[in-house]
Amino acid sequence: MGSSDLGLHGVIIVVLALITVISTHKNPHYAPNRSVNVHLFEWRWDDIADECERFLGPRGFGGIQVSPPNENVILRNYNRPWWERYQSMSYQLVTRSGDERQFANMVRRCNNAGVRIYVDAVINHMTGEPAENVGTAGNTARFREWYYPAVPYRREHFNWPHCVIQGSDYQNNAWRVRNCELVGLKDLNQRDEHVRRMIVNFMNHLIDLGVAGFRIDAAKHMWPEDLQVIYSRLKNLNTAHGFPANARPYIYQEVIDFGGEAVSRDEYTPLAAVTEFKVGLELSNAFRGNNALRWLQSWGPQWNLLASGDALTFIDNHDNERGHGGGGGVLTYKQGRPYRAAIAFLLAHPYGEPQIMSSFAFLDSEVGPPMDRNQNIIPPAINSDGTCGNGWVCQHRWRQIFAMVGFRNAAGRTAVTNWWDNGNSQIAFCRGNNGFVAFNNNQWDLNLTLQTCLPAGTYCDVISGNKVNNSCQGKTVRVGSDGRAQIFVGAHEYDMMLAIHIGPEVRSSWKYSVKFQE
1 MGSSDLGLHG
11 VIIVVLALIT
21 VISTHKNPHY
31 APNRSVNVHL
41 FEWRWDDIAD
51 ECERFLGPRG
61 FGGIQVSPPN
71 ENVILRNYNR
81 PWWERYQSMS
91 YQLVTRSGDE
101 RQFANMVRRC
111 NNAGVRIYVD
121 AVINHMTGEP
131 AENVGTAGNT
141 ARFREWYYPA
151 VPYRREHFNW
161 PHCVIQGSDY
171 QNNAWRVRNC
181 ELVGLKDLNQ
191 RDEHVRRMIV
201 NFMNHLIDLG
211 VAGFRIDAAK
221 HMWPEDLQVI
231 YSRLKNLNTA
241 HGFPANARPY
251 IYQEVIDFGG
261 EAVSRDEYTP
271 LAAVTEFKVG
281 LELSNAFRGN
291 NALRWLQSWG
301 PQWNLLASGD
311 ALTFIDNHDN
321 ERGHGGGGGV
331 LTYKQGRPYR
341 AAIAFLLAHP
351 YGEPQIMSSF
361 AFLDSEVGPP
371 MDRNQNIIPP
381 AINSDGTCGN
391 GWVCQHRWRQ
401 IFAMVGFRNA
411 AGRTAVTNWW
421 DNGNSQIAFC
431 RGNNGFVAFN
441 NNQWDLNLTL
451 QTCLPAGTYC
461 DVISGNKVNN
471 SCQGKTVRVG
481 SDGRAQIFVG
491 AHEYDMMLAI
501 HIGPEVRSSW
511 KYSVKFQE
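Once you know that position 490 of the sequence shown is 490 in the UniProt record's numbering, the rest is easy, because the numbers rise by one and skip nothing.
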């Protein structure tokens with residue numbers, strides 16, 4: 001082999017090694033037989049730890065996205081809006097959600113319960129120029145000098161010349177999108193070695209504490225080659241928290257891309273997963289009744305969506321449920337029936353790595369989480385029926401949603417089979433021989449014998465009720481030896497779907513299917 005061959009061979013080895021490293025950032029490293037990431041938006045660390053042990057762990061949830069854990073500026077004059085968490089003062093782990101000790105305790109308890117933690121990482125920028133100047137850890141900054149002594153960052157660590165992104169930049173100027181300030185937030189230069197080191201140290205400290213990965217806030221506002229360097233310097237996940245050896249952190253990057261912009265989501269998929277905002281928009285459109293459900297037979301990349309392994313999927317998140325980030329058309333907790341159905345389809349279909357939102361109630365889109373008179377976050381109250389109070393919505397505790405987490409766990413890696421539709425907005429499909437789901441978004445009843453692909457037996461519909469003491473609180477579905485069953489989803493039922501899967505069978509069929517009125 002000549003020297004040129006050796007050089008080429010070396011290049012190939014380097015490229016293959018890089019591909020191997022990059023691809024491993026797309027594995028969420030859930031505990032066995034678990035799936036689904038829930039965003040517990042603005043929850044306190046102590047409350048998250050409790051929720052892991054009392055609900056999320058027992059219900060089979062895979063992970064939690066937590067709000068940014070590092071110090072942010074306190075905006076008392078704005079009555080502590082939710083977006084203050086995205087104005088960083090330092091990388092010290094002190095926020096209204098708790099301090100570093102409480103954060104570490106939460107991560108340990110959640111990992112012990114089989115629930116992974118993913119951190120919303122704000123690494124694109126620091127603060128804007130608020131009138132107030134103290135952070136949640138007590139630090140201050142000199143905003144107009146670009147000086148954050150608690151990191152430390154100085155003027156030379158930010159992008160220059162100073163500029164602010166204009167609306168037209170998104171269509172025709174990728175340089176300005178990545179080098180100018182997003183809504184006036186001080187824009188860090190991730191090409192600077194000191195900045196890289198500070199960011200990597202921050203993220204590696206979180207890995208040491210046991211987190212499983214990161215959501216990268218505002219990733220489209222950073223250069224992919226800079227992010228690649230940062231990701232390459234991250235540690236493997238901490239084996240003391242139950243992760244396998246050499247496991248790389250799961251990373252999903254916030255890149256809002258509906259097409260036609262100067263910055264494309266495809267520039268980021270070689271690095272890690274990407275948030276697929278089109279999913280929420282398209283499924284919201286369908287379950288609002290603006291698009292026939294039959295078209296969902298081809299759901300996935302054929303809809304101009306990312307490849308399944310590249311996509312973090314969701315209906316709504318903390319931005320678009322407030323009309324930001326390409327919101328406007330997405331369903332939220334405020335539209336209960338179609339919203340529950342859209343999430344049920346998201347979780348029933350194998351496309352993508354799904355995340356669900358767990359909100360607090362709001363009328364004003366700027367308002368922060370429920371708080372007391374001293375502006376301290378108050379914990380969710382857990383009502384007798386398992387739902388939340390104290391101003392918290394807690395969609396993850398809605399039966400229809402946590403039941404579909406169980407459905408997804410039971411379905412495993414099986415494919416969609418035996419698709420059926422009525423040529424309009426009644427659809428049904430199997431997930432291998434593990435699960436069956438049906439939807440009715442028409443104004444007439446779905447009442448047919450359909451192939452469920454399940455073994456013979458009597459199953460609880462997990463949407464209309466729980467299985468308790470070998471009995472169904474909701475509908476039962478009797479599956480014959482041929483896998484077929486009579487499926488009824490009334491046009492005016494409380495929910496427009498039915499779901500059955502292996503696991504919640506009952507030995508005897510004591511209860512006939514009933515219609516639930518809205």
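A virtual CB, placed ideally from N, CA and C, is assigned to each residue, including glycine. Owing to the predicted nature of the structure, the values given are computational and were not obtained by experimental measurement.
With residue i as the anchor, note down where its beta strand (DSSP E) starts and where it stops.
i: Y459; result: 457–460
i: R215; result: 213–216
i: Y250; result: 250–253
i: Y118; result: 116–121
i: F436; result: 435–440
i: V477; result: 476–479
Just the C-alpha distance for residue i and residue j, rounded to the nearest angstrom, thanks.
i: D445; j: A438; result: 12 Å
i: H318; j: V405; result: 20 Å
i: K186; j: Q355; result: 29 Å
i: P320; j: G328; result: Looking at the sequence shown, residue 320 is not Pro but Asn. Whole-angstrom Cα-Cα distance: 7 Å.
i: D482; j: T458; result: 13 Å
i: Q464; j: N442; result: Just to set this straight, residue 464 is Ser in the shown sequence, not Gln. Roughly 19 Å between the two C-alpha positions.
i: F436; j: C430; result: 4 Å
i: P232; j: F103; result: For clarity, residue 232 is Ser in the given sequence; the question names Pro instead. Each residue's alpha carbon lies about 25 Å from the other.
i: G503; j: N291; result: 33 Å
i: P270; j: I487; result: 43 Å
i: A121; j: G386; result: 31 Å
i: A403; j: N33; result: 15 Å
i: Q517; j: D495; result: With a pLDDT of 30 at Q517, under the threshold of 50, the modelled position of that residue is not reliable, and the figure given next carries that caveat. Those two C-alpha atoms are separated by around 9 Å.
i: P244; j: Y147; result: 40 Å
i: R215; j: R59; result: 23 Å
i: N133; j: V255; result: 30 Å
i: Y339; j: E156; result: 47 Å
i: V38; j: R116; result: 10 Å
i: L498; j: V119; result: 34 Å
i: R54; j: I48; result: 10 Å
i: E51; j: I378; result: 14 Å
i: W223; j: G210; result: 27 Å
i: W83; j: T449; result: 50 Å
i: residue 519; j: G352; result: In the structure displayed, the chain extends from 1 to 518; residue 519 sits before or after that span and is not available.
Is the separation between the beta-carbon of residue i and that of residue j shorter than 9 Å?
i: E181; j: I165; result: yes
i: S90; j: A131; result: no
i: G57; j: Y30; result: no
i: N105; j: Q87; result: no
i: Q451; j: R484; result: yes
i: V274; j: H221; result: no
i: I315; j: H25; result: no
i: S425; j: G289; result: yes
i: P68; j: G213; result: no
Exposed or buried, which one is residue i when buried takes at least 16 other CB atoms within 10 Å?
i: N70; result: buried
i: G10; result: Any reading at G10 is ruled out, since the residue's pLDDT is 46, under 50, leaving its predicted position unreliable.
i: H396; result: buried
i: E276; result: buried
i: E282; result: buried
i: R267; result: The sequence as given places Glu at residue 267; Arg does not occur at that position. Label assigned to E267: buried.
i: V21; result: Interpretation of V21 is limited by its pLDDT of 44, a score under 50 that renders its predicted location unreliable; no figure is taken from the coordinates.
i: V468; result: exposed
i: W419; result: exposed
i: P380; result: buried
i: N304; result: exposed
i: A240; result: exposed
i: F258; result: exposed
i: S97; result: buried
i: S298; result: exposed
i: V183; result: exposed
i: T332; result: buried
i: S35; result: buried
Based on DSSP bridge pairs, tell me the residues matched to residue i.
i: W420; result: A428
i: H29; result: DSSP output for H29 lists no bridge partner at all.
i: V405; result: DSSP, once it has assigned bridges, lists no residue as partnering V405.
i: residue 522; result: It is not possible to answer for residue 522, since the shown part of the chain is limited to 1 through 518.
i: F61; result: S35
For the alpha helix (DSSP H) holding residue i, just list the boundary residues, first then last.
i: G336; result: 336–348
i: A174; result: 174–179
i: D47; result: 45–51
i: S358; result: Counting along the chain, S358 falls outside any alpha helix (DSSP H), though it belongs to the beta strand (DSSP E) covering 353–358.
i: S284; result: 277–287
i: H39; result: Element bounds for H39: not the alpha helix (DSSP H) but the beta strand (DSSP E), 35–40.
i: R108; result: 100–112
i: Q228; result: 224–232
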